[in-house]
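Report on the following structure.
Residue numbers (my numbering): 2 to 691.
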């Protein structure tokens, strides 16, 4: 340790109690506010850090707190900045910003215990607000630690005598929390499941993920995200579909402006695809993490005709014309549903219709070399005289064969396209030939449209982890994928995946590209090649159980619990009666405990004094009374028993010095130390009798 670090360590051990407790409270506040930094305005984070640092410096140096006018000025400044940032002082975002600033400023006027209690209550409330943004297992663990630290600070504030240690306060807070755990579990199991006041944590949505549009080159960012997108569990003994059929249908994109793909506009009449299913369904349970898109990605092909509605946990979805399940807003909550998929299906018009002309549109004046390449391929003699039903499959196969035979490279880092020219498809298809799935899907659709074949882009997910975890198959954000659909007379829309032509392992084996490992993953990989993978799987297993058993605990689970408890017809009334009965029983138990506590000493020191006094009176010292201290009792023992009383007298004098002497810490002794001291005192009293 450096000299400066050693000096700080020695200084911290000799700090007055008020300074030490203040620094501990400031560290606790910083831990409470840390998860909020991700969504607080930058100015709020900066001011909070400056205020907490300033208050810590004042406590460390023992200097006076600033005047109230300085606090009022900073408060007005933060209110003005909050208004400029959020255009309101109400609502969730503005309200949390103001609460954080008020909590930080309140530390600058910690002049009485009442002020500390205000900080404690603000801290507990801000702990709760973290769950508006995330309900993950990591957030829950961090918030539990924050509550423990706040309770420890609260215990310290309730101990006005001596300098109780942080360890003792933390132990007392842990015991108090343990007493409350059974009540928490009962309320979790029985309290009616009502939607949160501000809704679900919308900011839990991944920063990367599928979008309702697709820019040329945007999906490479998603492939760097290893976060879980969804979990599947197949019913009964059904096996998952083969790798080449693991496509999860998301947004269908039909309009291209030269750089971005967008959904078809509502002005396209008659574009509803008819769906025909055959064969046995594959039934599965899906748990979907929050997404950025307003489309529910399901295994192809899920049942339901265009226009049908689906109600799912208060979210109304409708089957869009291109047979994706469309929500009115982004899916920002975790969803769980049971559904099915059909491997054999047909969809789309069987004969050429006017609406198909919309799937031939290309931006005028762009990518002339690619269009010429497509025209040259279409004019080859081998395609002359073929009917459309024969021509289309051959053209598709010719384009896929070109991708296989040419020097295309599947990569996460193709570089930026369109820096010097607006002809992005020309640059990819004929020049650089480096790309990710969206590059291949975009160019493939443009080439088909240039040859007169209706085509469109479909985005979603493809593939799963090779092995299930805890019975669930994992689909990650890195499994995000883009492929194509083209129209064939008599069959409708057919899937074509040009990525499989250049990188068959991506589709046939589900091996998505992986970015270079980070520093920690690389270091662990040097020690044990599978260690990082096993650690990640273990954490995801815990996360899955947290989500399935805690976050997904619903009112149906509550009704099932009532049935197990013997309720024949579980409903809200029965649940309310049971909850009221449990709350009443807990209330009576608490009242009885309080009544019993009223008739016994309320602190450990008073209880220990009573035990010592009873031992002295058993020795015949009837003159010893509760108004006297351990020093006076020691003198009585020496006067009555002489040298035989010396061990007991020394114990009493040591107790008085520890309790009332300089730097007194008697009250910081734990129950084990108090018990050992009492046993030693009783043994010394036995010597007096001998």
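Glycine is no exception: its CB is placed at the ideal position from the N, C-alpha and C atoms.
Here the structure is a predicted model, which is why all the values come from computation and not from measurement.
Beta-carbon separation of residue i and residue j under 9 Å?
i	j	result
residue 477	residue 229	yes
residue 56	residue 100	no
residue 591	residue 459	no
residue 257	residue 363	yes
residue 455	residue 357	yes
residue 267	residue 296	no
residue 659	residue 635	no
residue 264	residue 474	no
residue 536	residue 471	no
residue 318	residue 374	no
residue 638	residue 653	yes
residue 464	residue 243	no
residue 690	residue 620	yes
residue 190	residue 562	yes
residue 492	residue 370	no
residue 429	residue 499	no
residue 645	residue 612	no
residue 616	residue 686	yes
Which residues in the same chain have their Cβ closer than 7 Å to the Cβ of residue i, if we skip the five residues on either side of it in sequence?
i	result
residue 174	149, 152, 153, 156
residue 239	283, 284
residue 502	401, 404, 405
residue 31	53
residue 269	356, 359
residue 352	490
Since residue i contacts residue j with CB under 8 Å, what's their CB separation in whole angstroms?
i	j	result
residue 631	residue 647	Contact doesn't hold; Cβ gap of about 15 Å is too wide.
residue 290	residue 335	6 Å
residue 235	residue 298	That belief does not hold up - the Cβ atoms of residue 235 and residue 298 are roughly 17 Å apart, past 8 Å.
residue 305	residue 494	With a Cβ gap of about 16 Å, residue 305 and residue 494 do not count as contacting.
residue 480	residue 427	Wrong, their Cβ atoms sit about 30 Å apart, outside the cutoff.
residue 120	residue 104	6 Å
residue 497	residue 484	7 Å
residue 286	residue 233	7 Å
Could you tell me the alpha carbon to alpha carbon distance between residue i and residue j, rounded to whole angstroms?
i	j	result
residue 489	residue 288	34 Å
residue 392	residue 384	7 Å
residue 84	residue 90	6 Å
residue 166	residue 566	46 Å
residue 280	residue 344	7 Å
residue 408	residue 434	7 Å
residue 278	residue 301	11 Å
residue 737	residue 58	In the structure displayed, the chain extends from 2 to 691; residue 737 sits before or after that span and is not available.
residue 577	residue 138	29 Å
residue 64	residue 74	21 Å
residue 438	residue 482	6 Å
residue 333	residue 466	24 Å
residue 146	residue 179	13 Å
residue 255	residue 133	36 Å
residue 378	residue 399	9 Å
residue 376	residue 98	59 Å
residue 683	residue 640	18 Å
residue 293	residue 354	33 Å
residue 247	residue 506	13 Å
residue 79	residue 94	14 Å
residue 397	residue 487	9 Å
residue 142	residue 394	56 Å
residue 380	residue 388	14 Å
Who are the Cβ neighbours of residue i in its own chain at under 8 Å, not counting the five residues just before and after it?
i	result
residue 170	153, 154, 156, 157, 160
residue 261	214, 215, 216, 217
residue 193	556, 559, 573, 576, 577, 580
residue 69	110
residue 107	116, 119, 120, 123
residue 587	184, 187
Leaving out five residues on either side along the sequence, give the residues of the same chain with a beta carbon under 6 Å from the beta carbon of residue i.
i	result
residue 419	425
residue 82	44
residue 568	575
residue 661	none
Regarding residue i and the ligand PLP, is the C-beta to nearest heavy atom distance less than 8 Å?
i	result
residue 380	Although the ligand PLP was asked about, the structure shown includes no ligands whatsoever.
Next on the checklist: Using 8 Å as the cut-off, can you tell me whether the stretch 47 to 64 makes contact with the stretch 19 to 39, which would need three or more C-beta pairs spanning the two stretches below that distance?
Outcome noted: In this structure the stretch 47 to 64 touches the stretch 19 to 39; the number of beta carbon pairs closer than 8 Å is three or more.
Checklist entry - Per the contact definition of three or more C-beta pairs closer than 8 Å, is the stretch 405 to 413 in contact with the stretch 444 to 455? => result With a cut-off of 8 Å on Cβ pairs, the stretch 444 to 455 is not in contact with the stretch 405 to 413, counting fewer than three such pairs.
Item to check | Cβ pair count under 8 Å reaching 3, the stretch 318 to 335 against the stretch 257 to 274 | outcome: Output reads yes: the stretch 257 to 274 touches the stretch 318 to 335.
Next on the checklist: Is it the case that the stretch 23 to 33 contacts the stretch 119 to 128, given that we only count it when at least three CB pairs across the two stretches are under 8 Å?
Outcome noted: Yes, they touch.
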